[in-house]
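Residues in the sequence shown are numbered from 5 upward in steps of one, following the numbering used here.
All C-beta atoms in this analysis are idealised placements derived from N, C-alpha and C, irrespective of residue type, glycine included.
Reading through the structure tokens given below for one structure.
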Amino acid sequence: MALTAPEGLRFDSAGLAPVVVQDRASGDVLMLAWTDAQALRLTVETEQAHFWSRSRASLWRKGETSGNTLRVRALAADCDGDALLMVVEPAGPACHTGARTCFGEDARSLAGMLSELERVIDDRARTRPEGSYTARVLEKGLDHSLKKVGEEATELVIAMKGDTAERVAEEAADLLFHVLLALAQRGVRVADALEALRRRRGR
Numbered sequence: 005m006a007l008t009a010p011e012g013l014r015f016d017s018a019g020l021a022p023v024v025v026q027d028r029a030s031g032d033v034l035m036l037a038w039t040d041a042q043a044l045r046l047t048v049e050t051e052q053a054h055f056w057s058r059s060r061a062s063l064w065r066k067g068e069t070s071g072n073t074l075r076v077r078a079l080a081a082d083c084d085g086d087a088l089l090m091v092v093e094p095a096g097p098a099c100h101t102g103a104r105t106c107f108g109e110d111a112r113s114l115a116g117m118l119s120e121l122e123r124v125i126d127d128r129a130r131t132r133p134e135g136s137y138t139a140r141v142l143e144k145g146l147d148h149s150l151k152k153v154g155e156e157a158t159e160l161v162i163a164m165k166g167d168t169a170e171r172v173a174e175e176a177a178d179l180l181f182h183v184l185l186a187l188a189q190r191g192v193r194v195a196d197a198l199e200a201l202r203r204r205r206g207r
């Protein structure tokens, strides 16, 4: 579906509107920026996030110097028509400090934490650092990862039968981690699983 500008968006007396930038996969808010009519038009035409910099008084494309671009998947005006929601797929951190979001890691959602872990797994698969447990599991292939998923699922079932809530949480974390490893080896993203859940909820 082609990207379209939202109807009813109003700009203030300076010709600007605030933009809330949201990660499509996790739902986390990544940053707050500003747009004007030209930046919005370029965003729609290129599907790359363009903003207006109030401090520099100039148009800018996110990632033009850092390479950390934002692919825009949807745009929506709020109920009052004076703010814009931009749903994106980020390529790298959104914040100029190198952080994933401009609001710190305490603002992460559960889906955001899973997406961050997925990025760590991708990095380990690419760099294979010495001493990394993740790299060792990946090196042994999908069958080994699937065996680990089975083992961790069994350990979770056993914990659920009588261990403490803390122990159950630890075993659940182990299972989630190994499921993510196996998904990465199959080329399936966390966002794909979350989208399947959204579709089921919609039914």
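Quiz item: Under 8 Å between the Cβ atoms of residue 25 and residue 9?
Solution: On the sequence shown, position 21 is the one that residue 25 refers to. On the sequence shown, position 5 is the one that residue 9 refers to. No.
Quiz item: In angstroms, rounded to a whole number, what distance separates the CA positions of residue 4 and residue 176?
Solution: The structure shown does not extend to residue 4, since the chain is modelled only from 5 through 207, so no value can be given for it.
Exercise. Can you give me the Cβ contacts of residue 88 inside the same chain, cut-off strictly under 8 Å, excluding the 5 residues immediately before and after it?
Key: In the sequence shown, residue 88 corresponds to position 84, counting from 1. 10, 13, 21, 22, 23, 24, 39, 44, 79, 80, 81 and 82, listed in sequence order.
Quiz item: Under the rule that 16 or more other beta-carbon atoms within 10 Å means buried, what is residue 32, buried or exposed?
Solution: In the sequence shown, residue 32 corresponds to position 28, counting from 1. Flag for residue 32 reads buried.
Exercise. May I ask you to report which of helix, strand or coil DSSP gives residue 105?
Key: Here residue 105 corresponds to residue number 101 of the sequence shown, with the count starting at 1. Residue state, collapsed to three classes: coil.
Practice problem: Note down the Cα distance separating residue 149 from residue 57, rounded to an integer number of angstroms. | Solution: Here residue 149 refers to the residue found at position 145 of the sequence shown. Here residue 57 refers to the residue found at position 53 of the sequence shown. Roughly 47 Å between the two C-alpha positions.
Self-check item: Among 15, 29 and 19, nearest to residue 200 - alpha-carbon criterion
Solution: Position 196 of the sequence shown, counted from the start, is the residue given in the question as residue 200. It is 29.
Quiz prompt | Alpha carbon of residue 52 to alpha carbon of residue 160, nearest angstrom | solution = Counting from 1 along the sequence shown, the entry for residue 52 is found at position 48. Counting from 1 along the sequence shown, the entry for residue 160 is found at position 156. So the alpha carbons of these two residues sit roughly 43 Å apart.
Quiz item: Which whole-angstrom value describes the C-beta separation of residue 185 and residue 138, a residue pair presumed to lie in contact below a C-beta threshold of 8 Å?
Solution: Residue numbering aside, residue 185 sits at position 181 when the sequence shown is read from its first letter. Residue numbering aside, residue 138 sits at position 134 when the sequence shown is read from its first letter. Going by Cβ atoms, the distance from residue 185 to residue 138 rounds to 7 Å, so yes, they are a contact pair.
Quiz item: Helix or strand or just coil, what does DSSP make of residue 89?
Solution: Counting from one through the sequence shown, the residue named residue 89 turns up at place 85. Looking at residue 89 - three-state DSSP - the assignment turns out to be strand.
Quiz prompt | Where residue 46 falls: helix, strand or coil (DSSP) | solution = Here residue 46 corresponds to residue number 42 of the sequence shown, with the count starting at 1. Residue 46 falls in the helix class under three-state DSSP.
Quiz item: Considering only the beta carbon of each residue, do residue 103 and residue 35 sit closer than 8 Å?
Solution: Position 99 of the sequence shown holds residue 103. Position 31 of the sequence shown holds residue 35. In this structure, residue 35 does not lie closer than 8 Å to residue 103 by Cβ.
Self-check item: Alpha carbon of residue 64 to alpha carbon of residue 17, nearest angstrom
Solution: Position 60 of the sequence shown, counted from the first residue, corresponds to residue 64. Position 13 of the sequence shown, counted from the first residue, corresponds to residue 17. Residue 64 and residue 17: Cα-Cα distance of roughly 20 Å.
Practice problem: Just the C-alpha distance for residue 191 and residue 84, rounded to the nearest angstrom, thanks. | Solution: Mapped onto the sequence shown, residue 191 falls at position 187. Mapped onto the sequence shown, residue 84 falls at position 80. The straight-line gap from Cα to Cα measures roughly 40 Å.
Self-check item: CA nearest to the CA of residue 61, picked from 91, 19, 68 and 70
Solution: Taking the sequence shown and counting its residues from 1, one reaches residue 61 at position 57. Among 91, 19, 68 and 70, the Cα nearest to that of residue 61 belongs to 19.
Quiz item: Under a three-way DSSP split, which group does residue 192 fall into?
Solution: Position 188 of the sequence shown, counting from 1, holds the residue named residue 192. Three-state DSSP puts residue 192 in coil, outside helix and strand.
Quiz item: Hey, would you say residue 141 sits closer than 8 Å to residue 152, going by beta carbons?
Solution: Walking along the sequence shown from the start, residue 141 turns up at place 137. Walking along the sequence shown from the start, residue 152 turns up at place 148. Yes, the pair counts as a contact, with Cβ atoms nearer than the cut-off.
Quiz prompt | residue 55 - DSSP class collapsed to helix/strand/coil | solution = To locate residue 55, count along the sequence shown from 1; it is residue 51. Strand, per DSSP.
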